[in-house]
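Beneath this line is the structure, given in structure tokens, with notes to follow.
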Amino acid sequence: VCLVNYGPDKGKLCVIVDVVDGNRAFVDGPECCTGVARQIINFKRLALTDFTVKINRGARRKALRKAFTEAKIEEQWSKTSWAKKLEAKKARDNTSDFERFQIMKAKKHRSAVVKAAAKKLK
């Protein structure tokens, strides 16, 4: 199982179905689960995860979808720190200018409170 790190499917999981050559892999989402269509992707655009799906080389869509759902890959992925970091980055990217300002002010306030508490302990 891989994570696409570049292109229109960036941030989506996919499964390597076959290796085309030393630079490219034939991948499939499956599309119903992850949204990645069957296609050939360069290895530079993929990042391997620790998850594996038991399929045969060149597996058909139905067999891949069944194995992907039985292995509960999406549930396992959502529990990883890697997925949580990507979700946090996506949330930060979607904040407005005013929301970033509010976050900055909250961090400053929290820092001041911590410094005051640390000063009392000394």
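Read in this note's numbering, the sequence shown has 11 at position 18, and its numbers run on one by one without any break. Using N, Cα and C, we set each Cβ at its ideal position, and we do this for glycine too. Bear in mind the structure is a predicted one, so any value in this text is a computation, not a measurement.
Measuring alpha carbon to alpha carbon, tell me which residue in the options is nearest residue i.
i, options, result
"Gly51", "Asp21, Ala99, Glu80", "Asp21"
"Ala30", "Lys112, Ala40, Lys72, Val8", "Val8"
"Thr45", "Lys115, Met97, Val(-6), Val10", "Val(-6)"
"Phe19", "Ile34, Asn(-2), Thr27, Leu57", "Ile34"
"Arg53", "Pro23, Ala109, Lys112, Gly0", "Pro23"
"Asp2", "Glu67, Lys59, Gly28, Ala84", "Gly28"
"Asp11", "Cys26, Lys5, Phe36", "Phe36"
"Gly4", "Leu57, Ala81, Asn49, Lys65", "Ala81"
"Lys65", "Ser74, Lys47, Lys77", "Lys47"
Using three-state DSSP, classify residue i as helix, strand or coil.
i, result
"Arg17", "strand"
"Asp11", "strand"
"Ile48", "coil"
"Ala40", "strand"
In chain order, what residues of the same chain have a beta carbon less than 7 Å from the beta carbon of residue i, not counting five sequence neighbours either side?
i, result
"Gln32", "Val20"
Once the 5 residues before and after residue i are set aside, which same chain residues still bring their CB inside 6 Å of it?
i, result
"Arg93", "none"
Answer with buried or exposed for residue i, where buried requires no fewer than 16 other C-beta atoms within 10 angstroms of its C-beta.
i, result
"Val(-3)", "buried"
Just to confirm my understanding: we take residue i, look at its own chain, exclude 5 residues before and 5 after, and list those with CB closer than 8 Å. What are they?
i, result
"Ala76", "Trp70"
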